[in-house]
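Residue numbers (this note's numbering), protein chains in the order written: chain Z, 1 to 267; chain D, 1001 to 1267; chain C, 2001 to 2267; chain G, 3001 to 3267.
We put the CB at the ideal spot given by N, CA and C, even for glycine.
These numbers come from a predicted model, not from an experiment.
There are 4 protein chains.
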Amino acid sequence: MFLALRDGGSLYYETFGAKGDWIVFLNGIMMSVPSWKDFTGRVSKHFRLLLVDFRDQGQSSKRAGPYQCAVHVPDLVELFDHLGIESVHMMGVSYGGQVALEFCRAHQNRLKTLELVTVLPKVSNYLVAMGEGWEVAAALNDGARFFSLTIPSIYSDTFYAQRLEWLKNRQNAFRKTLTPEWFEAFIRLSQSANRFDCEDVLPTIRVPTLVLCAEKDILTPAKEMKEMAKLIPSATVLEIPDAGHAAFLEKPEAFLTAIIGYIKSRD
Amino acid sequence: MFLALRDGGSLYYETFGAKGDWIVFLNGIMMSVPSWKDFTGRVSKHFRLLLVDFRDQGQSSKRAGPYQCAVHVPDLVELFDHLGIESVHMMGVSYGGQVALEFCRAHQNRLKTLELVTVLPKVSNYLVAMGEGWEVAAALNDGARFFSLTIPSIYSDTFYAQRLEWLKNRQNAFRKTLTPEWFEAFIRLSQSANRFDCEDVLPTIRVPTLVLCAEKDILTPAKEMKEMAKLIPSATVLEIPDAGHAAFLEKPEAFLTAIIGYIKSRD
Amino acid sequence: MFLALRDGGSLYYETFGAKGDWIVFLNGIMMSVPSWKDFTGRVSKHFRLLLVDFRDQGQSSKRAGPYQCAVHVPDLVELFDHLGIESVHMMGVSYGGQVALEFCRAHQNRLKTLELVTVLPKVSNYLVAMGEGWEVAAALNDGARFFSLTIPSIYSDTFYAQRLEWLKNRQNAFRKTLTPEWFEAFIRLSQSANRFDCEDVLPTIRVPTLVLCAEKDILTPAKEMKEMAKLIPSATVLEIPDAGHAAFLEKPEAFLTAIIGYIKSRD
Amino acid sequence: MFLALRDGGSLYYETFGAKGDWIVFLNGIMMSVPSWKDFTGRVSKHFRLLLVDFRDQGQSSKRAGPYQCAVHVPDLVELFDHLGIESVHMMGVSYGGQVALEFCRAHQNRLKTLELVTVLPKVSNYLVAMGEGWEVAAALNDGARFFSLTIPSIYSDTFYAQRLEWLKNRQNAFRKTLTPEWFEAFIRLSQSANRFDCEDVLPTIRVPTLVLCAEKDILTPAKEMKEMAKLIPSATVLEIPDAGHAAFLEKPEAFLTAIIGYIKSRD
């Protein structure tokens, strides 16, 4: 489904499930609505699930850059208003977690709970350097090489050991699917995170918050996510062992356990 | 409630909740039914919760020693039969997890899922040595000294840093409550684990299994629990950061998230 | 050798080697000069090695309690003066590391380098609780039970897995050797650390400092020793894998590599 | 200095120091003799230090590919013979550690000790994937982009946080220095490691061996290096905290302590 935004852009979204609270899943930077296809069935047994592509992702419209990632917040508010969603559980992974923190800054009253997955409150020198590498890789405009240059930082060595075939297929899909427009949009998204800093938001968070980190995540290391959690009043922390930054995908059972469990256990 | 066992003993148990699957919580060695008082309300919103004291725990009858911890399995079967429980989710913490693994050996068909919390499949030299120390401490027949000699191995330094008052009160409760009969029973329970070895059971486990470990657990270290999980087909693993062996009590939100979430996410 | 101290007490010490800088090894709380017997040969090839029993340790005289662990500092100064040692490399393990930090407070000018091994700059609630347990254990006045109640906190599970026979022999030695006077002295030493706090000393340290931690140390965890190192200007940090608080004894090669290497590499 | 090899190629090498045992430092893949300039002074106080560029590194001659990394072993033997070095301490970092293991396979009798730094005995799927990315990056023939695409996998986030200026200068040096010939040689070296497997060598190692790993190394993780060490009889293991794969450069004091200390402590 598409929402025509007031400023002329459009957001692509899908909804699943007919009962329970609303939960929205906010995408990581390389993701789009179909990335969640293996999760929608089980999540929507418990929640009304909203998936959405940020502008410059998936089927949503493009957006002129440069911009900061906070720019997605009013789009989400417009979408929630359109769907009549007064308050929502918000799960954000990586880039989506950054947007969730920016959402908290202005609209915490619309959140029931917050689930922060493999995300840090501030971009470090290291993440900026990684981002620069990714932008160099994207500028090659070649899905297969982009995959070779970025994916080993995102998945764990364990996943490479166990799922090499899946990764090869994925590389092939990157090769076939990624277009010049996709790469340009990716670069805008990547640059929008370069000055991200929500450290000041952490102590203001009043909604129940789950911090979900992954043992082998080198982009948003577990150690630093635990430090973040100490600054959020009453955060609950869980760690997914033996997974990298793409933990939700490497260990889907652990991810679903944590997300569904955190909300259901508070009923 | 008491169940009069066929062999003349008795089991103390309590049930909570009126709908949903049955789940049984199996106690750690120093625990008894009231140890779960802060958990019953939230668990029983989703499940019919069964709490039970093993013989030599809480209000259940005493049992002549020496015995092995597998001895509790037929008691559980008798209790399940009595309550008309055909199959059950079984969550066992530490000693209770050992009993759960022994239960698996003979009655896996009565399990819907298995949740193994801070437990290892085999007792190491180190755990035997710890157990010997605990038995020395119990033989002093003095709750306050028993507390001083055993509890620092069970709770994390973080918990001592944050909850010293609670721990002091708990030591006082130990001092007032623990009787010579309790200490004798404790020693029998402790000795019943000295030769525990269920490593052969792990590869036979066919029910969905959650392995829940704790970062600072020195009795059943996270590293070794993760090795255990590799031997269980399709185990899901989560780790509770910044908690010791008593993780369920140090971080109750994380514990409830994992246990409730693991089962509900499989609905 | 004995040094008659000005106040009437006496210090037992031994020296090894005839050339090179002086290095002093300061004992952990349960140790005494003979604890280093397997190390003296290799260390004294490079250094003039000084071993010393604090008062209330080994063959040194007893001292009336209560006292703080800083009380050993003037004894060391008197010993250094007696031996004509103007400046020294100071290696302190655990309790000995605490004394080394107190030494730094007043006499840093007499140090060439500082090696802090399995020690923290401040006693936590957790260490105080452990210490209380140890004092309860010492009051039993029984070496074998004292061993059972304290040693599992000091050695790693790996060491228990690999060296059980050695540990059993050691327990036997405790049983035969430890006297009522030893236990009384141990309790005074233990209590002397209960309010230890040298956090203010860390930023004042100007001598080259090695911080040597152990992966499975539960008394002075590696994580916290690394935090300590951040507060010491120009500290160098190394970690001994798969060892507990008694790392120097569990992994003597790693210990000697780090201590000898830190000093020799600065030649 | 250059050694004219029997097959017509040439090896560039330098020697430092006039007394003590010989020690050879074997380069990581992107390194060359000048990479060690800050280390030669301190190492050569204790040892006669030999630095050498593998063929396809630094000033040594190029070599036609494809080849396996074992190909460097006879070159080393020829160099040792030329210099009259009967036996040597061999320190290899990363790629150099792989060559050291291959050297062990055939010429262990010429080793006094072995120091394996940030290296694994076998190339994993993950390392192969990383290598593919590096080869893609090298094929761009642009030092600045090559730096952006490879260096964040080699240095830790801590180093990026503390030494950003140094890294920027280094990127500039890459931009100015790296030639098409360098990139072609780099690709041959990278491919020569793609099927590296010396797991069978580990149990045959009889010379004293130090295994030096780094806490934040994502290419040759500490956890796996510790597993390697278990397969080497009598290996000694140390870990450098808070450093990535380039640990020797991120934490030079810790590196020198370990290497010099391991050998000197065995005198």
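CB-CB length for residue i against residue j, believed under 8 Å
| i | j | result |
| --- | --- | --- |
| Phe1025 (chain D) | Leu1051 (chain D) | 6 Å |
| Leu1111 (chain D) | Ser1148 (chain D) | The Cβ separation is near 38 Å, so there is no contact. |
| Asp3056 (chain G) | Arg3188 (chain G) | 5 Å |
| Gly3020 (chain G) | Phe3002 (chain G) | About 25 Å separates the two Cβ atoms, so there is no contact after all. |
| Thr1118 (chain D) | Asp1197 (chain D) | 18 Å between Cβ atoms; not a contact. |
| His2343 (chain C) | Val2099 (chain C) | Outside the displayed range of chain C (2001 to 2267) lies residue 2343 (chain C), so it cannot be described from this structure. |
| Lys176 (chain Z) | Gly143 (chain Z) | 7 Å |
| Tyr1160 (chain D) | Tyr2160 (chain C) | Between Tyr2160 (chain C) and Tyr1160 (chain D) the Cβ distance is about 24 Å, and since that is not below 8 Å, they are no contact. |
| Glu1199 (chain D) | Lys1122 (chain D) | 5 Å |
Any non-hydrogen atom of the ligand PLP within 7 Å of residue i CB
| i | result |
| --- | --- |
| Met2001 (chain C) | Within the structure as shown, the ligand PLP is missing, as the structure has no ligands at all. |
When the options are compared against residue i, the one with the closest alpha-carbon
| i | options | result |
| --- | --- | --- |
| Leu114 (chain Z) | Z:Ala254, Z:Leu202, Z:Glu215, Z:Tyr13 | Z:Leu202 |
| Met1030 (chain D) | D:Asp1267, D:Ile1263, D:Trp1182 | D:Trp1182 |
| Leu3083 (chain G) | G:Leu3238, G:Trp3022, G:Pro3233 | G:Trp3022 |
| Ser265 (chain Z) | Z:Thr236, Z:Gly244, Z:Ala246 | Z:Thr236 |
| Gly1017 (chain D) | D:Ile1205, D:Thr1040, D:Phe1002 | D:Thr1040 |
| Ala2185 (chain C) | C:Phe2103, C:Gly2065, C:Thr2015 | C:Gly2065 |
| Trp3036 (chain G) | G:Gly3020, G:Tyr3013, G:Arg3055 | G:Tyr3013 |
| Ser282 (chain Z) | Z:Glu78, Z:Ala214, Z:Pro34 | Lying outside 1 to 267, the shown extent of chain Z, residue 282 (chain Z) is not represented and no answer is given. |
| Val3128 (chain G) | Z:Cys69, Z:Gln59, Z:Pro152 | Z:Pro152 |
| Asn109 (chain Z) | Z:Thr179, Z:Ile260, Z:Thr204, Z:Leu249 | Z:Thr204 |
| Leu3249 (chain G) | G:Gly3097, G:Ala3139, G:Ile3154 | G:Ile3154 |
| Arg206 (chain Z) | Z:Lys122, Z:Ser234, Z:Phe159 | Z:Ser234 |
| Leu1120 (chain D) | D:Pro1241, D:Ala1258, D:Arg1195 | D:Arg1195 |
| His107 (chain Z) | Z:Val136, Z:Ala70, Z:Glu135 | Z:Ala70 |
| Ala138 (chain Z) | Z:Gln191, Z:Ala258, Z:Ile263 | Z:Gln191 |
| Gly3028 (chain G) | G:Leu3140, G:Pro3208, G:Gly3096, G:Lys3223 | G:Gly3096 |
| Ser2156 (chain C) | C:Ile2240, C:Phe2174, C:Gln2059 | C:Ile2240 |
Element boundaries [alpha helix (DSSP H), containing residue i]
| i | result |
| --- | --- |
| Glu199 (chain Z) | That residue, Glu199 (chain Z), is in no alpha helix (DSSP H); it is neither H nor E in DSSP. |
| Ser2192 (chain C) | 2180-2192 |
| Leu219 (chain Z) | Per DSSP, Leu219 (chain Z) belongs to no alpha helix (DSSP H) and is neither H nor E. |
| Phe47 (chain Z) | Element bounds for Phe47 (chain Z): n/a, residue is neither H nor E. |
| Ile2023 (chain C) | Unbroken run through Ile2023 (chain C) is the beta strand (DSSP E), 2022-2026; no alpha helix (DSSP H). |
| Phe174 (chain Z) | 164-177 |
| Tyr3262 (chain G) | 3252-3264 |
Per-residue DSSP class, three states only, for residue i
| i | result |
| --- | --- |
| Glu3115 (chain G) | strand |
| Phe103 (chain Z) | helix |
| Met3090 (chain G) | strand |
| Phe2039 (chain C) | coil |
| Ile85 (chain Z) | coil |
| Ala2144 (chain C) | helix |
| Val1052 (chain D) | strand |
| Val1123 (chain D) | coil |
| Ala1004 (chain D) | strand |
| Leu3079 (chain G) | helix |
| Gln1962 (chain C) | With chain C running from 2001 to 2267 in the structure shown, residue 1962 (chain C) is simply not present. |
| His2245 (chain C) | coil |
Beta-carbon proximity of residue i to residue j, cut-off 8 Å
| i | j | result |
| --- | --- | --- |
| Thr220 (chain Z) | Ser94 (chain Z) | yes |
| Leu2238 (chain C) | Leu2256 (chain C) | no |
| Ala243 (chain Z) | Lys251 (chain Z) | yes |
| Lys45 (chain Z) | Asp1267 (chain D) | yes |
| Val43 (chain Z) | Ile263 (chain Z) | no |
| Thr3209 (chain G) | Leu3116 (chain G) | yes |
| Trp166 (chain Z) | Thr150 (chain Z) | no |
| Ala3247 (chain G) | Ala3214 (chain G) | yes |
| Phe103 (chain Z) | Phe146 (chain Z) | no |
Residue range of the unbroken beta strand (DSSP E) whose run includes residue i
| i | result |
| --- | --- |
| Ala3214 (chain G) | 3209-3214 |
| Tyr12 (chain Z) | 10-16 |
| Ile240 (chain Z) | 236-240 |
Using a Cβ-Cβ cut-off of less than 7 Å, list which residues of the stretch 3120-3143 of chain G approach chain E; keep chain order.
Given the protein chain composition of this structure (Z, D, C and G), no chain E is represented.
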